[in-house]
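Per my numbering, the very first residue in the sequence shown carries number 21; after that it's consecutive.
C-beta: ideal position from N, C-alpha, C; glycine also.
Just so it is clear, the structure is predicted and the values come from calculations on it, not from any experiment.
These notes are about the structure you will find just below.
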Amino acid sequence: MGNLNRRDFLKFSSIALLGMAVPRPDEEEEELVSGPPPTSLGRITTWRQPVRDEAKVKGKIVVNKAYDEIIPLLGTVVGEAPWPSNPIWYQTVGGFIHSAFVQPVEDQPSGGPAPIVPPGIWVQVSVPIAETRLKPNAPRVSRKIYYGSVYRAVDAMQDEAGQWWYRLQDGIAYSPGPYVLATSLRYLSPEALSPLASDRTDKQIIVDVVKQEITCFEGETPVFSARTATGYGSNRTPRGEYEVLRKSHTSYMIGGTGDDYYNLPGVSFPTYFTRSAIAVHGTYWHNDYGRPRSHGCVNVLNDAAQFVFRWTAPAVPYDQHQIMVKRGEGTKVVVV
């Protein structure tokens, strides 16, 4: 999201508000409602995702795309919805692919490492997929990390070929952990993570689990809104009045069992508001907003999570991984 002053803050917020509404195609119209793609590339987040000849659920399958495959995104269309909340399809080579399990990504390598001052700097993956290794240039990949995920880099070193590598910690390890090419991460400066509208004491967040929307208010004025994916089934996000209890630059989230197991490093900017660790946080493992589907948390796009993290009180100092918030000092959160 970069650096936002007060004017940029309100401009970004108004754009987000406008983006809440998703137009639906008229069944009598032959032409699809279309627009530009959200990004130039998409990453497949499920083991198989079909490209169809039409933006329809039963369109002819042209080809199946595999997990972690990167595809070009040529446009966005409003087509037939597999479920009522999401009629968005992306046009790609050969046809159309439903948006739910295509993470919009960019391939934007950085120019190299930023100076690291202890305890480290915050970095965000800026390529579709980055590969971590136990040592720089080690032949074996220890794990993949994904576009938009956030980590603290605690060291930087150069290999024999002159390539710079960051060593990551918070977000993936409790102590100095794996290495990743520095060019696959962008530096998040203190300015990029600085508080927004910190002079306002009348802030409130409304999470609407029926509309699947999160809206930030200053007094009676909505200043930001985004679509969400809240908790599903027995993990539904509980209604009630809360306040921000904890905030982190990043989190390594692990939980569930069997088919419900998840292992998610670098979850961006979680803002926790219940003692059971329910948070508003960024998402890279799906792109399906507008219906419940989480383990209880409020899933939003990474940029939206960064906004909420910066806007809510109190601020997290740049040199700290997280803060615990005293009762009465956190922004009010109401789940309805």
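Query raised in the report: Along the chain, where does the alpha helix (DSSP H) that runs through Trp363 open and close?
Result: Outside the shown range of the chain, which is 21 to 356, sits residue 363, and nothing can be said about it.
Requested in this report: Rounded to whole angstroms, what's the CA-CA distance from Leu201 to Gly140? Just pull it up for me.
Outcome: 16 Å
**Report entry** For Thr332 and Gly260, the rounded distance between their alpha carbons
**Finding:** 18 Å
Query raised in the report: Per DSSP, Glu151 forms a beta bridge with which residues?
Result: Lys164
Query - Top-ranked residue by Cα proximity to Asn322, from Tyr167, His341, Tyr272 - result: Tyr167
Query raised in the report: Mind checking whether Tyr359 and Gln189 have CB atoms under 9 Å apart?
Result: The question about residue 359 has no answer here: the residues shown for the chain are numbered 21 through 356.
Query raised in the report: Asn106 bridges to which residues according to DSSP?
Result: DSSP lists no partner for Asn106.
Requested in this report: Flag this pair as yes or no: are the beta carbons of Ser288 and His306 separated by less than 9 Å?
Outcome: no
Report task. Kindly indicate which residue of Asp179, Asp88, Ser204, Gly114 has the alpha-carbon position closest to the one of Ser130. Result -> Ser204
Query raised in the report: Helix, strand or coil: how does DSSP classify Leu94 here?
Result: coil
Query raised in the report: Grouping DSSP H, G and I as helix and E and B as strand, with all else coil, what is Glu211?
Result: helix
Requested in this report: Pick helix, strand or coil for Trp305, following the three-state DSSP scheme.
Outcome: coil
Query - Contacts around Leu284, its chain only, beta-carbon distance under 6 Å, and the 5 residues preceding and following it disregarded - result: Met273
Requested in this report: Identify which residue in Arg330, Val143, Phe116 has its Cα closest to the Cα of Ala173.
Outcome: Val143
Query raised in the report: Taking the alpha-carbon positions, what's the Ser314 to Pro104 distance?
Result: 17 Å
Requested in this report: Leaving out five residues on either side along the sequence, give the residues of the same chain with a beta carbon under 7 Å from the beta carbon of Val125.
Outcome: Thr59, Leu61, Gly62, Arg63, Pro148, Tyr167
Query raised in the report: Hey, is Ile234 close to the ligand GDP, as in C-beta under 8 Å from one of its heavy atoms?
Result: Ligands are entirely absent from the displayed structure, and the ligand GDP is therefore not among its contents.
Query - First through last residue of the alpha helix (DSSP H) which encompasses Phe327 - result: 322-331
Requested in this report: Could you check which residue in Pro133, Lys76, Thr152, Ala134 has the C-alpha nearest to that of Ser119?
Outcome: Lys76
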